[in-house]
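**Student:** Input: one structure, supplied below.
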């Protein structure tokens with residue numbers, strides 16, 4: 217394998233972390249008139265992993281090493297990364313694993329990533345893997361042939377029931393994220409409300425969505441119940 | 217140079233052409249109630265080139281070879297491609313040149329491309345290069361150090377004055393592209409109207425914008441004067 221694509225991917229991860237930090241600082245702390253403070257985070261391509269796959273890829277007894285906590289309590293980016301191989305010898309390097317481990321492995325890609333990997337991925341809510349493609353996953357201790365579970369994550373917003381009441385939405389309702397920007401304004405629609413007592417209010421979009429609207433330089437973001 | 221990234225880029229170009237064809241077939245031929253037929257095209261990263269730079273990169277007397285006509289009359293994708301080098305040894309391979317030649321060279325990247333290249337590119341209308349970054353451009357016959365002209369193209373729509381009258385817009389007005397989709401609906405705002413007698417009605421968005429809304433599988437697109 218050549219070294220240059222790996223270097224590009226690693227640096228891209230770094231940039232994406234910076235973007236997330238900037239966004240976090242920009243948009244989190246603004247609760248004015250009872251409106252819950254809104255966090256919007258860009259998820260770079262990543263993998264959720266089962267314990268069985270973790271051991272196959274990183275060796276018997278392997279554990280995920282937390283690298284950076286994520287906004288939702290208990291979630292973290294791990295130090296571990298994998299490489300993905302798609303059809304026709306295409307690869308994506310240094311895809312980060314998020315922890316903790318889950319019952320099912322799942323790989324989340326933006327469409328730009330999936331085009332680079334040569335896989336046509338469907339949009340799915342997390343955990344719904346019916347009819348989704350797989351790929352080969354390489355780790356330092358071995359490889360697995362993931363039969364399915366490669367998806368583009370459906371854009372969604374985590375919230376608790378007080379947030380849901382504020383916005384007037386129920387679990388599964390689509391919402392709009394209005395992004396104000398001098399040159400790249402966008403309304404990202406179809407953001408599915410995911411309600412749970414432990415969730416903190418946080419919109420998750422992918423890199424295509426974040427780059428479409430140049431989120432780091434947005435002058436305002438607003439979450440709304442979907443307009444009919 | 218390693219071969220694998222080049223292979224990825226070339227295949228990506230091919231996929232993006234297919235996307236453009238699908239979109240053209242899907243959305244062009246639908247004029248119902250006097251509404252002008254709307255073409256929406258995704259521009260993959262590309263270069264416009266001056267005659268001087270063409271000769272520096274491809275040799276004295278070089279001419280662009282048409283590879284495929286574009287929708288606007290006289291415009292074409294050429295057979296020629298270049299490689300771009302950004303800071304920190306990052307490269308983008310096989311960036312296609314569009315013809316005919318122009319007075320000024322200009323490179324148009326999506327933000328995802330610019331992150332991969334390590335350049336922070338501003339959003340600009342075509343031809344406005346003040347304060348824009350440059351990069352190194354490699355051709356088979358030499359290289360140039362482009363001092364400026366690397367931009368993200370401001371999303372825009374070409375139209376003639378009859379189209380402009382239909383939509384009630386003037387040159388430079390922002391418009392909305394409403395994209396209907398089962399899972400990825402988006403309203404892409406800030407699409408600038410560019411009016412000229414020879415223009416055919418056509419929206420130009422980049423790959424981040426097209427991937428954000430999964431344009432090839434959109435169930436409908438509608439151009440509107442921007443809502444206040």
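Residue numbers (our numbering), protein chains in the order written: chain P, 217 to 444; chain U, 217 to 444. Backbone N, C-alpha and C fix where the C-beta goes; we use that ideal spot for every residue, glycine too.
Closest Cβ-Cβ distance between residue 427(P) and chain U: below 8 Å?
**Tutor:** By this cut-off, residue 427(P) is an interface position.
**Student:** Any chance you could list the alpha helix (DSSP H) runs of at least 4 consecutive residues sitting entirely within the region 267–320 of chain P, in chain order?
**Tutor:** Listed in chain order, the complete alpha helix (DSSP H) runs (minimum 4 residues) inside the region 267–320 of chain P are 267–274.
**Student:** Spatial neighbours of residue 316(P) within its chain, please: C-beta separation below 8 Å, excluding the five flanking residues on both sides.
**Tutor:** Answer for residue 316(P): 280, 290, 291, 292, listed in chain order.
**Student:** Is it the case that the Cβ atoms of residue 331(P) and residue 300(P) are separated by a distance below 8 Å?
**Tutor:** Result no, Cβ atoms of residue 331(P) and residue 300(P) do not sit closer than 8 Å.
**Student:** Within the continuous alpha helix (DSSP H) that includes residue 250(U), where are the two ends?
**Tutor:** Looking at the DSSP string, residue 250(U) is not in any alpha helix (DSSP H), and its letter there is neither H nor E.
**Student:** In the structure shown, what three-state DSSP assignment does residue 324(P) receive?
**Tutor:** Residue 324(P) falls in the strand class under three-state DSSP.
**Student:** Please name the residues in the region 390–404 of chain P whose beta-carbon is closer than 7 Å to at least one beta-carbon of chain U, in chain order.
**Tutor:** Under the 7 Å Cβ criterion, the region 390–404 of chain P contributes 399, 400, 401, 402, 403, 404.
**Student:** Looking at residue 294(U): is its Cβ nearer than 8 Å to the Cβ of residue 306(U)?
**Tutor:** Result no, Cβ atoms of residue 294(U) and residue 306(U) do not sit closer than 8 Å.
**Student:** Considering only residues of the same chain and omitting the five flanking positions on each side of residue 285(U), which have a CB-CB separation below 6 Å?
**Tutor:** So the list reads 292, once near-sequence residues are dropped.
**Student:** Compile a chain-ordered list of the residues in the region 332–365 of chain P whose CB is closer than 8 Å to at least one CB of chain U.
**Tutor:** The region 332–365 of chain P vs chain U, Cβ under 8 Å: 332, 334, 339.
**Student:** Would you mind telling me which residues of chain U sit closer than 7 Å to residue 327(P), beta carbon to beta carbon, in chain order?
**Tutor:** Those are 427, 430, listed as they occur along chain U.
**Student:** Where does residue 355(P) fall in DSSP's three states?
**Tutor:** Three-state DSSP puts residue 355(P) in a strand.
**Student:** Should the region 362–376 of chain P be called in touch with the region 390–409 of chain P, which here means at least 3 C-beta pairs below 8 Å?
**Tutor:** Yes: the two stretches touch, three or more of their Cβ pairs being nearer than 8 Å.
**Student:** Helix, strand or coil for residue 410(U), going by three-state DSSP, please let me know.
**Tutor:** Residue 410(U): strand per DSSP, three-state reduction.
**Student:** Counting only the same chain and skipping the five closest in sequence on each side, list residues whose C-beta sits under 6 Å from that of residue 272(U).
**Tutor:** Within the same chain, residue 272(U) has close Cβ partners 358, 360.
**Student:** Taking the alpha carbon of residue 409(P) as the point to measure from, which residue in 401(P), 402(P), 418(P) has its own alpha carbon closest?
**Tutor:** Considering only alpha carbons, the answer is 418(P).
**Student:** Taking residue 253(P) as the reference, which of 379(P), 427(P), 337(P), 398(P) has the closest Cα?
**Tutor:** Comparing Cα positions, the closest option is 379(P).
**Student:** Give a yes or no on whether the minimum CB-CB distance between residue 388(U) and chain P is below 8 Å.
**Tutor:** Chain P, which has no Cβ nearer than 8 Å to the Cβ of residue 388(U), makes this no.
**Student:** Specify the secondary structure class of residue 426(U) as computed by DSSP and reduced to three states.
**Tutor:** If DSSP states are grouped into helix, strand and coil, residue 426(U) belongs with the helices.
**Student:** Buried or exposed, going by whether 16 or more other CB atoms sit within 10 Å of the CB of residue 414(P)?
**Tutor:** So residue 414(P) counts as exposed.
**Student:** Can you name the start and end residues of the alpha helix (DSSP H) that residue 392(P) belongs to?
**Tutor:** Not the alpha helix (DSSP H): residue 392(P) falls in the beta strand (DSSP E), residues 390–396.
**Student:** Can you name, in chain order, every residue of its own chain whose Cβ lies under 8 Å from the Cβ of residue 429(P), other than the five neighbours on each side?
**Tutor:** Taken in chain order, the residues that qualify are 395, 397, 400, 401, 402, 404.
**Student:** Does the beta-carbon of residue 336(P) have 16 or more other beta-carbons within 10 angstroms, so that it is buried, or is it exposed?
**Tutor:** Result: exposed.
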